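Notes for the one structure printed next.
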Amino acid sequence: MGPQFVDFDADGFTDIVTATFEGHAFVVRGSAEGWRAPEHVRDAAGAPIGIGLYYDMEANGYRHVGQAEGEETDYSAPHCVSAVAFDWDADGDHDLLLGSKSGELHLRLNEGTNTEPAFVSTNARVEAGGAPLTVPGGLTAPKLVDWNGDGLTDLVCGSFEGGVYLYENRGEAGAPAFAAVRTLIAPGTSAPAATRPEEGAYVDVLDRDGDGDLDLVVGGYYDFQPPQRELTAEEEVRLARLEAEMAEIESDMDAFFARVDEAIADESDEDEVQAILEELYGGDEYAALMERYNAVSVELAKLRAEPERRSGIWLYRQESPVREASAPADGR
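The working numbering puts the first residue of the sequence shown at 42, with every later residue one more than the last.
In structure tokens form, the structure reads like this:
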């Protein structure tokens, strides 16, 4: 998610550095013959680099990066969703910044070189304003750019909840120190008109209009509400009955899901958890619930226009000089 094009191994060919939701950082190496197969970015000990919980296919089990020995696995743990190569300590090689869906940013220093990397085996939390950096609404992918023209690399971060945020670098080359968060684009809603992204904001930073300051190009999702058609009196009565029936179905489904959670709450064996889930979700009760839900949904769709999830790309032009970093971007 959020791929970066960079010569990661210093061989003269552009590579792709990225991360996937299951927890790992990957590199797709470029060559004279084209792109090679994706491979894990590994630390000096050979372990795949990532954050949070992920499923280790080789070990056939879950792993939690940074988890203390004996600590129980937290299945709500954050997942690695972005990886960015950046020379954090200004020693001439690429280090790695790892972003998580929960909004955290982690650092993996490279104690080797670009041609022979030796990434450390532990993640260090990046701080901002003297506290662990946490992007409001969760981090999609960070962009490293000199936003305010002071020669230092700042962070511009998109959010899963639709906002875009700035962390100015108040440190020095080789020792970044980020200030507290500043909002460039606040999260919000635009329905029924597609005026702005509402969630899943992925951001890029560039001088789009050539006026000397940096603008934002933001891709994301929004909910579009189609216009409702006028119903007859008979249809109004039918709609009310269907909505009441759907509320009852959703209540029954909530009760079913609560029983599922209760059934696996004290079970630590993964195979047993899977067996319980297969039995419950493969049973007659769940099948009947889904049959009722689908039937009513079809009837409701004929009478009530539901919101549609759509995607788009928006340009936010900055109208102030680049050094006035406190001025928010103005969406146009």
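Each residue gets a CB set at the ideal place from its N, CA and C atoms; glycine is no exception.
This one's a predicted model, so the numbers in the text were calculated from it and none came from an experiment.
(Q) What does DSSP give as the partner residue(s) for V337 in the beta ladder? (A) Under DSSP, V337 shares a beta bridge with no residue.
Q. What distance in whole Å lies between the Cβ atoms of Y208 and F219, which are believed to be in contact at a cut-off of 8 Å?
A. Contact check for F219 and Y208: beta-carbon distance about 4 Å, within the 8 Å limit, so the pair qualifies.
Q | 8 Å contact criterion, which G229 and Y243 should meet: CB distance rounded | A | Cβ atoms of G229 and Y243 stay farther apart than 8 Å, at about 17 Å.
Q. How many Å lie between Y322 and V301 at the Cα?
A. Distance from the CA atom of Y322 to the CA atom of V301, rounded to whole angstroms, is 9 Å.
Q. Can you tell me whether DSSP reads I290 as helix, strand or coil?
A. Correct three-state label for I290: helix.
Q. Quick one: Cα of P79 to Cα of T59, how far?
A. For P79 and T59, the distance between alpha carbons rounds to 10 Å.
Q: Give every residue of the same chain whose Cβ lies closer than 6 Å to the Cβ of P89, excluding the five residues on either side of it in the sequence, and list them in chain order.
A: Cβ within range, chain order: H65, H81, R83.
Q: Take R270 and list the residues in its own chain whose beta-carbon comes closer than 8 Å to its own, dropping the five residues that flank it on each side.
A: Only residues of its own chain outside the window of five on either side were considered, and among them A346 have a CB closer than 8 Å to the CB of R270, listed in chain order.
Q.
Just to check my reading of the structure: I305 and L330 have Cβ atoms closer than 8 Å, yes? What is that Cβ distance to the nearest angstrom?
A. Between I305 and L330, the beta carbon gap of about 18 Å keeps them out of contact (Cβ cut-off 8 Å).
Q. When you compare only the Cα positions, how much space is there between Q315 and A182?
A. Their Cα atoms are separated by approximately 32 Å.
Q: Rounded to whole angstroms, what's the CA-CA distance from S123 to R279? Just pull it up for me.
A: If you draw a straight line from the Cα of S123 to the Cα of R279, it comes to about 48 Å.
Q. CA-CA distance, T175 and E360?
A. Approximately 28 Å between the Cα atoms of the pair.
Q: Using DSSP bridges, identify the partner residues of I226.
A: The secondary-structure analysis by DSSP pairs I226 across a beta bridge with V205.
Q.
Can you check which of these residues, D248, D254, A336, is closest to E284 by C-alpha distance?
A. That would be A336, whose Cα lies nearest to the Cα of E284.
Q: Kindly indicate the opening and closing residues of the alpha helix (DSSP H) around A66.
A: First-last for A66: 66-69, but that is the beta strand (DSSP E), not the alpha helix (DSSP H).
Q: Output yes or no for whether 9 Å exceeds the beta carbon distance between H147 and G140.
A: A contact, by the Cβ cut-off of 9 Å.
**Q.** Status (buried if at least 16 other CB within 10 Å, exposed otherwise) for Q45
**A.** Counting the other CB atoms within 10 Å of its CB gives Q45 a total of 16 or more, which places it among the buried residues.
Q: Kindly indicate the opening and closing residues of the beta strand (DSSP E) around G45.
A: The sequence given here has Gln at residue 45, not Gly. Element bounds for Q45: 45-47.
**Q.** Run of the alpha helix (DSSP H) containing E349, from where it starts to where it stops
**A.** First-last for E349: 349-358, but that is the beta strand (DSSP E), not the alpha helix (DSSP H).
Q: Note down, in chain order, each residue of its chain lying with its Cβ closer than 7 Å to the Cβ of D50, except the 5 sequence neighbours on either side.
A: Excluding sequence positions up to five before and after D50, its CB lies within less than 7 Å of the CB of D56, R70, N155, T156, all in the same chain and listed in chain order.
Q: Could you tell me how far apart the beta carbons of Y263 and G353 are, in whole angstroms, since I believe they sit closer than 8 Å?
A: Between Y263 and G353, the beta carbon gap of about 7 Å places them in contact (Cβ cut-off 8 Å).
Q.
For a minimum of 3 consecutive residues, which ranges assigned as the beta strand (DSSP E) are wholly contained in the region 156-201?
A. You should have 180-186, 195-200.
**Q.** First through last residue of the beta strand (DSSP E) which encompasses I57
**A.** 56-60 is the extent of the beta strand (DSSP E) around I57.
Q: Please report the residue range of the alpha helix (DSSP H) in which L318 lies.
A: Run containing L318: 311-322, per the alpha helix (DSSP H) assignment.
Q: Could you check what DSSP says for V82 in three-state terms: helix, strand or coil?
A: Three-state DSSP puts V82 in coil, outside helix and strand.
(Q) For E332 and E276, what's the separation of their Cα atoms in angstroms? (A) Their backbone Cα atoms lie some 23 Å apart in a straight line.
Q: Measure the alpha-carbon distance for E320 versus E313 and round it to whole angstroms.
A: Going by the C-alpha atoms only, they are around 11 Å apart.
Q: Just mark E311 as buried or exposed, buried being the case when its beta carbon has 16 or more other beta carbons within 10 Å.
A: Classification for E311: exposed.
Q | A89 - partner residues in DSSP beta bridges | A | Position check: residue 89 holds Pro in this sequence, whereas Ala was assumed. DSSP links P89 through a beta bridge to R83.
Q.
Within a Cβ cutoff of 6 Å, which residues of the same chain sit near G107, ignoring the five residues on either side of it in sequence?
A. Unreliable placement is indicated for G107, whose pLDDT of 47 sits below 50; no coordinate value is reported for it.
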